[in-house]
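The numbering of the sequence shown is the numbering used here, which starts it at 1 and goes up by one. Report on one structure; see the data block that follows.
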Amino acid sequence: MAQSEKRGEIVRATMELVAECGFHDAPIAAIAARANVGAGTIYRYFANKDILINEIYLEIEERLMAHVLAGYRPERPIRERFLHLGGGVLSYFIHHPVEFHYFEQFHISPYGGAFRRERLLERPEHHDVFVALFREGAEQQVVKKLPLMMLVSLLFGPLFTVARDHILGFVPLDDHLVETVIATCWDAIRQ
Numbered sequence: 001m002a003q004s005e006k007r008g009e010i011v012r013a014t015m016e017l018v019a020e021c022g023f024h025d026a027p028i029a030a031i032a033a034r035a036n037v038g039a040g041t042i043y044r045y046f047a048n049k050d051i052l053i054n055e056i057y058l059e060i061e062e063r064l065m066a067h068v069l070a071g072y073r074p075e076r077p078i079r080e081r082f083l084h085l086g087g088g089v090l091s092y093f094i095h096h097p098v099e100f101h102y103f104e105q106f107h108i109s110p111y112g113g114a115f116r117r118e119r120l121l122e123r124p125e126h127h128d129v130f131v132a133l134f135r136e137g138a139e140q141q142v143v144k145k146l147p148l149m150m151l152v153s154l155l156f157g158p159l160f161t162v163a164r165d166h167i168l169g170f171v172p173l174d175d176h177l178v179e180t181v182i183a184t185c186w187d188a189i190r191q
């Protein structure tokens with residue numbers, strides 16, 4: 001197996017195990033067995049399990065954001081941009097269920113708490129397209145005057161729930177239902 005293939009197999013195996021069992025029940029030995037590599041091989045690519053977990057999250061986030069930002073037009077009205085971004089998030093996750101489950105596990109774990117705290121609270125200079133949109137909406141008095149974390153929750157909470165329910169087969173999503181869900185998230189935050 002080539003070097004890049006080994007790393008890819010380690011990442012795939014980690015995502016699958018975490019999606020199925022959570023971080024605690026995905027030890028390095030189990031990841032190595034699923035990836036069909038020796039445990040020591042993992043440490044050639046990742047210094048420790050925490051780095052492995054965080055790097056995979058960042059890789060998923062990078063792919064997610066590339067998908068979400070495709071066709072994004074920052075000159076459009078705030079509502080249209082919100083609908084575009086929300087639709088992109090939901091679309092990506094329903095088409096990448098293993099990545100969704102990993103992303104979800106990350107965000108409900110101490111890893112996600114530390115990540116969000118650093119990105120949103122301790123580094124106010126950092127902003128992504130969602131934070132920028134919420135701030136612009138607040139400045140224009142288009143969105144409710146709520147703490148940033150509440151606005152983030154009112155978008156991502158419902159999207160994660162709907163994505164999970166679709167992936168589990170509880171709610172089959174079509175384009176109309178996706179648009180309705182995103183519009184409902186907008187209604188929750190609009191002034």
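All C-beta atoms, glycine included, are put in the ideal place defined by N, C-alpha and C. In this text, all values refer to a predicted model and were calculated from it rather than measured experimentally.
DSSP, read as helix, strand or coil, puts R76 in coil. In this structure V131 does not touch I189 by the C-beta definition: roughly 13 Å separates them, more than the 8 Å allowed. H176 and F103 have their C-alpha atoms some 25 Å from each other. Taken atom to atom, the span from the alpha-carbon of G87 to that of A183 is near 9 Å. Taking Y57 as the centre and dropping the five residues before and after it, the same chain places the C-beta of F106 closer than 6 Å to its C-beta, in chain order. Cβ-Cβ separation between L151 and F134: approximately 5 Å, consistent with a contact (criterion under 8 Å).
V143 sits in a strand when the DSSP states are folded into three classes. Listed in chain order, the non-local C-beta contacts of V181 below 6 Å within the same chain comprise V162, local neighbours out to five positions each way being set aside.
Listed in chain order, the non-local C-beta contacts of T14 below 7 Å within the same chain comprise A26, I31, L52 and I56, local neighbours out to five positions each way being set aside.
Taking the Cβ atoms as the reference, L85 lies roughly 6 Å from V68, within the contact range of under 8 Å. Taking G112 as the centre and dropping the five residues before and after it, the same chain places the C-beta of F106 closer than 6 Å to its C-beta, in chain order. Inclusion of I60 and I167 in the CB contact set at 9 Å is not warranted, their separation being larger than that value. Taking C-beta atoms as the reference points, L64 and E99 count as a pair closer than 9 Å. In this chain, L120 is not harboured by any alpha helix (DSSP H), its DSSP state being neither H nor E. The shortest CA-to-CA distance from A70 to any of Y45, V89 and K6 is the one to V89. Within the model, the alpha-carbon separation for D174 versus D187 is close to 20 Å.
In summary, F46 is buried, with 16 or more beta-carbon neighbours lying within 10 Å of its beta-carbon over all protein chains present.
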